[in-house]
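Per the numbering used here, residue 3 is the first one in the sequence shown, and the count goes up by one each step.
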Amino acid sequence: FFSYFIFTATMTTTQSSSPSTSSSPSPLPTSPPSEPDLPTYQDVLHASQTLQNIAHRTPILTSRTLDAQLGVRVFFKCENLQRMGAFKFRGAYTAVKRCLDDDDDDDNDNDTSNNRGNIRILTYSSGNHAQAIALAATSLLGVPSTIIMPRDAPPLKIEATRSYGGDVVFYDRYTEERDAVAERVKAELSQTHGDSPKVVFVPPYDHRYVIAGQGTVGKEFIEDLTRFLPHDDDERPSEPIALDYLFVCVGGGGLLSGVSLSARALSPRTKLIGVEPLAGNDAQRSLRDDRIVRIPTPNTIADGAQTQHLGELTFRIMRRCVERIVTVTDEELVEEMRFFGERMKMVVEPTGCLGLAGLRKMVESGEVEKGSCCGV
């Protein structure tokens, strides 16, 4: 299985990889000033309650080999072991559950019977959010889901989405705007399904509850490090482990912005570093230009980061909380996939390798000091 990923990545990496030129819960004394419409760490706390006994509290792993290679201490939050294989489950379940609960509250306020059976969840995704919505909405919460996916999405992700009960609709990500496709599909769903269904759109990243759900990754990571013993034969540290740097993959920014909320509340001295593919450097350019930069769909093996732009919410959080964005090549991602497979015996998809690739690049350039504690 690992060999399949390496072969696919190696073949795909021959495409262009140049940057696009087109345009325990704590109080919040260290959180940045809040804006009324932005999610906050309080939303992350609520999401954590929603996900209790639903999402896995994924483990933290280390590698002596990697620590020796880089001269820093590296801690991995293994969301590849999450339900459906990615952190996306956290945001999807949180958003769908909260939307359904909010709808129930509206029905009660209007003194009408529960109308949940008439709701349909709609989203678009290249794979992981698709699986997450299908699992959360249809398999777990019993609500029909329609997922708009690119025709060239990984077949395994399409198959998994369908196996969770999602109704898949395809589009061409290189010639069609997925927002326009979503509007068309939403209208079609309203016309073709009886009793005027309420179609609720849950985007992959730019959504208050999605961001809050992804933020629970950072909350758990920082909390669990306070009682983590890296190696069995090490003496227990006299002080809790505190991260100097936290490297987070970036597509639309949902994970990075959510983790930023937790890090600013629980570990304010930790520097947040986003990592994205060199071929899709819209986040890096957006923070540099202080505006959301839009690019064509990038050609990269990191299919989870083939986004064209950040979201309004994610950008506003990132510009206040994130130290910087670095980029890595597809070739660097292949090398990290090989490291995970050969040395840690884990299958990690290319997007999941962005954080380690970014960390390695900054260590080799001297921008991360030897002896630092780094989270990925």
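By construction, the Cβ of each residue, glycine as well, lies at the ideal position given by its N, Cα and C atoms.
Length-filtered (3 minimum) beta strand (DSSP E) runs lying within the stretch 72-109: Listed in chain order, they are 75-79.
Where T177 falls, given that 16 or more other Cβ within 10 Å makes a residue buried: Classification of T177: exposed, given that the 10 Å Cβ count is below 16.
Contacts around P156, its chain only, beta-carbon distance under 7 Å, and the 5 residues preceding and following it disregarded: Hits under 7 Å: G129, D305.
CB of V350 within 7 Å of CB of N82, strictly: For V350 and N82, yes; Cβs fall inside 7 Å.
Residue from R290, S374, Q286 with nearest C-alpha to R271: The shortest C-alpha separation from R271 is found at S374.
Secondary structure of E351, DSSP reduced to three states: Looking at E351 - three-state DSSP - the assignment turns out to be coil, as it is neither helix nor strand.
Option nearest V201 by Cα separation, candidates P298, K99, V183, N120: Of P298, K99, V183, N120, the residue nearest in Cα terms is N120.
Same chain, Cβ closer than 7 Å to R362, neighbours up to 5 away in sequence not counted: If you ignore the 5 residues before and after R362, its C-beta comes within less than 7 Å of the C-beta of L72, all in its own chain and listed in chain order.
As assigned by DSSP and simplified to three states, the class of R282: Checking the displayed sequence, the identity of residue 282 turns out to be Gly instead of Arg. Correct three-state label for G282: helix.
7 Å Cβ cutoff met for L263 and V250: Against a cut-off of 7 Å, the Cβ pair of V250 and L263 comes out as no contact.
With 16 other Cβ atoms within 10 Å as the buried cut-off, status of D291: So D291 ends up on the exposed side.
7 Å CB neighbourhood of R59 in its chain, flanking five on each side removed: Same-chain partners within the cutoff: E222.
As assigned by DSSP and simplified to three states, the class of V336: In this structure, V336 counts as helix in the three-state DSSP scheme.
Unbroken alpha helix (DSSP H) run spanning P152, endpoints: First-last for P152: 147-152, but that is the beta strand (DSSP E), not the alpha helix (DSSP H).
Alpha-carbon to alpha-carbon, L245 and T67: The straight-line gap from Cα to Cα measures roughly 19 Å.
Enclosing beta strand (DSSP E) for R122 [first to last residue]: Looking at the DSSP string, the run of the beta strand (DSSP E) that includes R122 is 121-126.
Exposure label - S147; buried when at least 16 CB within 10 Å: S147 comes out buried.
G377 - containing beta strand (DSSP E), residue span: Per DSSP, G377 belongs to the beta strand (DSSP E) from 375-377.
Three or more C-beta pairs below 8 Å linking the stretch 318-338 and the stretch 274-283: Touching, yes, given that three or more Cβ pairs across the two stretches are closer than 8 Å.
Three-state secondary structure (DSSP) of K159: Reduced to three states, the DSSP call for K159 is helix.
Same chain, Cβ closer than 7 Å to S288, neighbours up to 5 away in sequence not counted: Correct list, in chain order: I294, V295, L312, F317.
DSSP-derived helix/strand/coil call for Y176: Reduced to three states, the DSSP call for Y176 is coil.
Strand pairing of V201, partner residues [DSSP]: DSSP, once it has assigned bridges, lists R122 as partnering V201.
Whole-Å CB distance - A307 paired with E278, under 8 Å assumed: Taking a contact as a CB-CB distance under 8 Å, the pair A307 and E278 counts as one, their CB atoms being some 6 Å apart.
Collapsed DSSP secondary structure at Y207 in the structure displayed: In the structure shown, Y207 adopts coil according to DSSP, grouped into three states.
Residues near L227 in its chain [Cβ-Cβ closer than 6 Å; skip 5 each side]: Around L227: I243.
Alpha carbon of G215 to alpha carbon of S127, nearest angstrom: Answer to the nearest angstrom: the Cα atoms are 17 Å apart.
D169 - partner residues in DSSP beta bridges: DSSP lists T148 as partners of D169.
For A70 and E371, the rounded distance between their alpha carbons: Roughly 14 Å separates the two Cα atoms.
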